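Student: Per the numbering used here, the sequence shown runs over residues 5 to 309. Don't be surprised by glycine CBs; every beta carbon is placed ideally from N, CA and C. All values reported here derive from a predicted model rather than from experimental measurement.
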Amino acid sequence: MKHLLSLHDWSKAEMTECLTLAARLKKELKEGVAHPILKGKTLGMIFSKSSTRTRVSFEVGMYQLGGNALFLSSNDIQLGRGESIYDTAKVLSRFLDGIMIRTFRQEDVNDLAKYGSIPIINGLTDLLHPCQILADLLTIQEHRGDLAGKKVAYVGDGNNVAHSLLYGCAKMGMEIAVATPPEYPCDETVVRQAMADAEANGGKVVITNDPAEAAKGADAIYTDTWISMGQEDQKAEKVKSFSPYQVNKELFSLAKPEAIFLHCLPAYRGMEVTEEIIDGPQSVVFDEAENRLHAQKAVMAMLMG
Ligand code: CP
Ligand code: NVA
Numbered sequence: 005m006k007h008l009l010s011l012h013d014w015s016k017a018e019m020t021e022c023l024t025l026a027a028r029l030k031k032e033l034k035e036g037v038a039h040p041i042l043k044g045k046t047l048g049m050i051f052s053k054s055s056t057r058t059r060v061s062f063e064v065g066m067y068q069l070g071g072n073a074l075f076l077s078s079n080d081i082q083l084g085r086g087e088s089i090y091d092t093a094k095v096l097s098r099f100l101d102g103i104m105i106r107t108f109r110q111e112d113v114n115d116l117a118k119y120g121s122i123p124i125i126n127g128l129t130d131l132l133h134p135c136q137i138l139a140d141l142l143t144i145q146e147h148r149g150d151l152a153g154k155k156v157a158y159v160g161d162g163n164n165v166a167h168s169l170l171y172g173c174a175k176m177g178m179e180i181a182v183a184t185p186p187e188y189p190c191d192e193t194v195v196r197q198a199m200a201d202a203e204a205n206g207g208k209v210v211i212t213n214d215p216a217e218a219a220k221g222a223d224a225i226y227t228d229t230w231i232s233m234g235q236e237d238q239k240a241e242k243v244k245s246f247s248p249y250q251v252n253k254e255l256f257s258l259a260k261p262e263a264i265f266l267h268c269l270p271a272y273r274g275m276e277v278t279e280e281i282i283d284g285p286q287s288v289v290f291d292e293a294e295n296r297l298h299a300q301k302a303v304m305a306m307l308m309g
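1) Short check: CB of CYS135 to CB of VAL251, under 8 Å?
2) Would you call the CB atoms of HIS147 and ILE264 closer than 8 Å?
3) Are there three or more Cβ pairs, one per stretch, closer than 8 Å when the segment 58-68 is compared with the segment 10-18?
4) Between which two residues does the beta strand (DSSP E) containing MET66 stretch?
5) Taking 7 Å as the cut-off, is the beta-carbon of THR56 closer than that to any non-hydrogen atom of the ligand CP?
6) Just verifying my parser: in three-state terms, what is the DSSP assignment at ASN205?
7) May I ask you to report which of helix, strand or coil DSSP gives ALA3?
8) Considering Cα atoms alone, identify which of GLU280, ILE231, LEU116 and ALA139 is closest to LYS6.
9) With a threshold of 7 Å (Cβ to nearest heavy atom), would ARG59 be considered close to the ligand CP?
10) Quick one: measure Cβ to Cβ for SER88 and SER121, integer angstroms, because I've assumed they're closer than 8 Å.
11) Short check: CB of ILE41 to CB of ALA299, under 8 Å?
12) Can you tell me the Cβ-Cβ gap for GLN110 and ASP80, rounded? I've got them flagged as a contact below 8 Å.
13) What are the residues that DSSP puts in a beta bridge with ILE211?
14) Out of ASP150, THR46, GLU21 and SER52, which has the shortest C-alpha to C-alpha gap to MET4?
15) Going by DSSP, name the residue or residues bridged to ASN295.
16) Residue range of the beta strand (DSSP E) that SER97 falls in?
17) Starting from the C-beta of SER54, find all residues in its chain whose C-beta is less than 7 Å away, skip the five residues before and the five after it, and write them out in chain order.
18) Straight-line CA distance for LEU151 to ASP214?
19) Please state whether the Cβ-Cβ distance between ILE282 and ALA271 is less than 8 Å.
20) Rounded to the nearest angstrom, what separates ARG273 and HIS167 at their Cα positions?
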């Protein structure tokens, strides 16, 4: 394993190793034990979209691992003026030890890996958000124990977070039920691959348009914004389709009594989730945000160490 382009490429054993290492690094950090695994190494972080969590957690994570992180806004590097991915990959591979990239097209991330000679980490594309889901799995494990057999319900847009969640849960032998409006389904190829991943690892994938069906008996309920980055012009029409998919008290009551609430953030209270749920006692969204740091440190240690 050399890159983190998609969780579909990682085996269950690699994901388990990553979560175990993340938990260890988290514990060591809290105990004040230094772990300079990437001393002297540099991560380049290319951003073509905004970020709070991804940017800060990668930069702080790299620092805690003894290395450096370089923030590269695509507007400020020649990539934004039309330099090719091919040349960018070749050149950056001569300076850096790894690249984290947040951009629009998944193909650009794949090409960076294809043409470069250093590990590439997908920090979100229109299609996928694998780093987020490693942090989510760590959070579920911390709050609900062993992942195998647990049910996660994702209610909302069939987007990048939903896609990586499908792969991640399927690979870990969990049940993942995704409820989207019929007009905003998950990508067909992702669903097909996740079903195969589930079959191979003892998991289960349920795709529905009924939020109640997804939420019933879930150990965790997950949602994300209805308007992803780059979709701002679709806001009015999307909000109309999505209003029956809000995570509120009524929907949450269908889950297990001890269920947790997850959201990758940024959240829009009163839209995809009500205040009483996201700010309520069963919400673990800030643990989830913190776990971005620990999970990504494990990813960097595994790929760049
Ligand atoms: N969840 C997440 O990726 O947040 P940012 O967009 O702030 O990085
Ligand atoms: N689906 C959201 C996730 C943000 C972290 C987006 O792509 O904007």
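Tutor: Quick look at the numbers:
1) no
2) yes
3) no
4) Looking at the DSSP string, MET66 is not in any beta strand (DSSP E); the run it does join, the alpha helix (DSSP H), is 57-68.
5) yes
6) helix
7) With the chain running from 5 to 309 in the structure shown, residue 3 is simply not present.
8) LEU116
9) yes
10) Contact doesn't hold; Cβ gap of about 16 Å is too wide.
11) no
12) Contact doesn't hold; Cβ gap of about 23 Å is too wide.
13) VAL182
14) The displayed coordinates of the chain run from 5 to 309. Any statement about residue 4 would go beyond what the structure contains.
15) Note: ASN295 sits in no beta bridge, so no partner.
16) From DSSP, SER97 is part of no beta strand (DSSP E) but of the alpha helix (DSSP H) over 89-99.
17) MET233
18) 24 Å
19) yes
20) 23 Å
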